[in-house]
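> Quick mapping for you: the protein sequence lines, in order, are chains A and B. This note's numbering applies: residue 461 is where the first sequence begins, and numbers increase by one. This note's numbering applies: residue 461 is where the second sequence begins, and numbers increase by one. After the structure tokens below, expect a handful of questions from me.
There are 2 protein chains.
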Amino acid sequence: MEIIEINKVLSNETRLNILRWLKHPEANFPAHKDLGHFEDGVCVQYIGDKAGLSQSTISHYLSMMQKAKLIIPTRHGKWTYYKRNEKVIKAYTKYLKDSL
Amino acid sequence: MEIIEINKVLSNETRLNILRWLKHPEANFPAHKDLGHFEDGVCVQYIGDKAGLSQSTISHYLSMMQKAKLIIPTRHGKWTYYKRNEKVIKAYTKYLKDSL
DNA sequence: CAAACATATCGACAATTATCGAATTGTGCA
DNA sequence: TGCACAATTCGATAATTGTCGATATGTTTG
Numbered sequence: 461m462e463i464i465e466i467n468k469v470l471s472n473e474t475r476l477n478i479l480r481w482l483k484h485p486e487a488n489f490p491a492h493k494d495l496g497h498f499e500d501g502v503c504v505q506y507i508g509d510k511a512g513l514s515q516s517t518i519s520h521y522l523s524m525m526q527k528a529k530l531i532i533p534t535r536h537g538k539w540t541y542y543k544r545n546e547k548v549i550k551a552y553t554k555y556l557k558d559s560l
Numbered sequence: 461m462e463i464i465e466i467n468k469v470l471s472n473e474t475r476l477n478i479l480r481w482l483k484h485p486e487a488n489f490p491a492h493k494d495l496g497h498f499e500d501g502v503c504v505q506y507i508g509d510k511a512g513l514s515q516s517t518i519s520h521y522l523s524m525m526q527k528a529k530l531i532i533p534t535r536h537g538k539w540t541y542y543k544r545n546e547k548v549i550k551a552y553t554k555y556l557k558d559s560l
């Protein structure tokens with residue numbers, strides 16, 4: 461777990477929000493037209509709509525977050541869904557609490 | 461407590477280190493020639509020596525950290541000592557754990 | 001296979017951060 | 001009072017990040 465990298469990722473309001481939104485997808489996003497559940501999180505489009513930034517920016521943010529292992533992508537057909545990586549998030553907050 | 465601001469501050473290796481070093485000043489810094497204790501932390505010079513960056517950079521870092529309320533300055537004569545603000549650090553890690 | 005659509009990547013440029021040396025300010029002491 | 005020293009602030013420049021539109025890639029379906 462790269463603490464500096466994670467802190468960088470989380471020092472941007474939008475990215476922090478995305479992580480929070482994904483904590484309760486059903487409260488923050490419409491149900492996906494095809495997929496009827498949130499098992500694998502939310503597709504890029506919906507996240508982008510909610511964040512109000514360009515598609516490329518959101519895609520870029522998501523890939524940073526994925527690189528830091530904070531989220532996990534799953535492909536369903538032409539959509540990519542992203543969900544939180546609870547294990548890493550937990551480890552991160554615990555590590556901060558213990559090491560800081 | 462400004463979470464984004466704190467995350468920014470802590471997304472730099474040196475600043476993160478400073479916060480950690482200050483957790484155990486006696487283990488990380490020489491005792492100050494005049495002051496015989498670490499009650500109020502460590503003076504800017506010693507921190508700079510340990511970090512190996514220019515004096516102005518360290519001063520700047522410390523002021524960012526102070527602005528984010530992570531550290532508290534105390535002036536003793538011509539020296540400024542910095543110590544951790546345990547209350548804010550604690551609140552920060554707790555907040556992250558709860559909100560993330 | 002070609003069109004349509006979701007996402008990712010590329011290339012650019014503006015904004016922010018990292019970092020330095022020089023100049024300034026604050027403090028103690030000869 | 002004025003020199004010595006600690007720290008802060010200033011001004012500059014290099015490096016990184018934010019953000020976009022355009023282009024490319026992957027996938028479904030007619």
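Every residue, glycine too, gets a C-beta built ideally from N, C-alpha and C. It should be emphasised that the depicted structure is a prediction, and the values quoted were computed from it without experimental measurement.
#1: Mind checking which residues open and close the alpha helix (DSSP H) that includes Pro485/A?
#2: When you compare only the Cα positions, how much space is there between His497/A and Leu530/A?
#3: Bridge partners of Arg475/A, per DSSP?
#4: Compile a chain-ordered list of the residues in the segment 533 to 554 of chain B whose CB is closer than 7 Å to at least one CB of chain A.
#5: Check the Cβ of Lys527/B against every Cβ in chain A and list those closer than 7 Å, keeping chain order.
#6: Can you list the residues of chain B that Ile464/A reaches, using a CB-CB cut of under 9 Å?
#7: Quick test of the definition: if touching needs 3 or more C-beta pairs under 8 Å, does the segment 476 to 483 of chain B touch the segment 540 to 549 of chain B?
#8: Can the beta-carbon of Val504/B be found less than 8 Å from the beta-carbon of Phe489/B?
#9: Kindly indicate which residue of Ile463/B, Val469/B, Glu462/B has the alpha-carbon position closest to the one of Ile518/B.
#10: Between Thr553/B and Leu556/A, how many whole angstroms is the CB-CB distance? I'm expecting something under 8 Å.
#11: Quick one, are the C-beta atoms of Ala528/A and Glu462/A less than 8 Å apart?
#12: Could you tell me the boundaries of the beta strand (DSSP E) in which Lys543/A lies?
Let me spell this out:
#1: Reading the first sequence from its first residue, position 25 is the one you call residue 485/A. Residues 485 to 488.
#2: The residue you call residue 497/A lines up with position 37 of the first sequence. The residue you call residue 530/A lines up with position 70 of the first sequence. Going by the C-alpha atoms only, they are around 21 Å apart.
#3: On the first sequence, residue 475/A is found 15 positions in, with the first residue counted as 1. DSSP output for Arg475/A lists no bridge partner at all.
#4: Ile549, Thr553
#5: Here residue 527/B refers to the residue found at position 67 when the second sequence is read from its first residue. Near Lys527/B there are no residues of chain A at all, since even the closest Cβ is about 14 Å away, more than 7 Å.
#6: The count along the first sequence starts at 1 and reaches residue 464/A at position 4. Simply Leu470, Ser471, Asn472, Glu473, Leu476.
#7: yes
#8: Taking the second sequence and counting its residues from 1, the one referred to as residue 504/B is at position 44. Taking the second sequence and counting its residues from 1, the one referred to as residue 489/B is at position 29. Contact flag unset, no.
#9: Working through the second sequence from its first residue, we reach residue 518/B at position 58. The shortest C-alpha separation from Ile518/B is found at Val469/B.
#10: Residue mapping note: residue 553/B aligns to position 93 of the second sequence, counting from 1. Residue mapping note: residue 556/A aligns to position 96 of the first sequence, counting from 1. At roughly 5 Å, the Cβ-Cβ gap stays under 8 Å, so Thr553/B and Leu556/A are in contact.
#11: The sequence position of residue 528/A within the first sequence is 68, counting from 1. The sequence position of residue 462/A within the first sequence is 2, counting from 1. Yes.
#12: Here residue 543/A corresponds to residue number 83 of the first sequence, with the count starting at 1. Its beta strand (DSSP E) spans residues 539 to 544.
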